[in-house]
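FYI, in the working numbering the residues of the sequence shown are -17 to 139.
Positions of the beta carbon are idealized from the N, C-alpha and C atoms, including for glycine.
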Amino acid sequence: MRRLRHQAPAMVVILMLLTAACGVQPSGIIRGASPPSGPVEPGDSVTLYLVANGQLSTVQRPSRSLSRADTLALLATGPTGEERARGLTSDVPNGAAPLSVTIEPPDRKVVTVSVSVDELSDTAIDQIVCTAAEPGERVTVLGGGQARGPRDCPVPR
């Protein structure tokens, strides 16, 4: 037992030296490809469905990858000054935000608004449905314990 006690520290030192020698080997400078060049692409954009003369109208806004709920909140915020100058409006009231979006298979989204859906016009529901839906998806709008849908976007895409 005494012999093992004297050998243990030596074995630990040897083991440490062996494991320390198993590291990554140094290398020289590694040359990569040249950096990307060319024009910088503009940022992402989101598609909103606003209202012009009682009809839904698509609007592209520059954006940095917004969630679907944040995109829908833009409907409640309303058109920008430039969009208003072009005669665009929104039927989605400011009180409808915040909104949440969940996905229910197959191919259906549920948008929950902060007001009763009974307070929303058909045009407001269509704005929400078209802005939330990908082509081929149906959307149900929930709010105040009521549901509207599932609905398709009435605007051909």
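- For Arg66, the enclosing alpha helix (DSSP H) covers residues Gly63 to Ala67.
- Around Ala51, the same chain offers Leu81, Ser82 and Val83 as residues with beta carbons nearer than 6 angstroms, after the five sequence neighbours per side are excluded.
- Less than 8 angstroms separates the beta-carbon of Arg120 from that of Pro132.
- The way I'd put it, the stretch 103 to 119 does touch the stretch 61 to 79; three or more beta-carbon pairs between them come closer than 8 angstroms.
- For Ala34, the enclosing beta strand (DSSP E) starts and ends at Ser27 to Ala34.
- Arg50 carries a helical assignment under DSSP once its states are collapsed to helix, strand and coil.
- Rounded to the nearest whole angstrom, the C-alpha separation of Arg46 and Cys112 is 20 angstroms.
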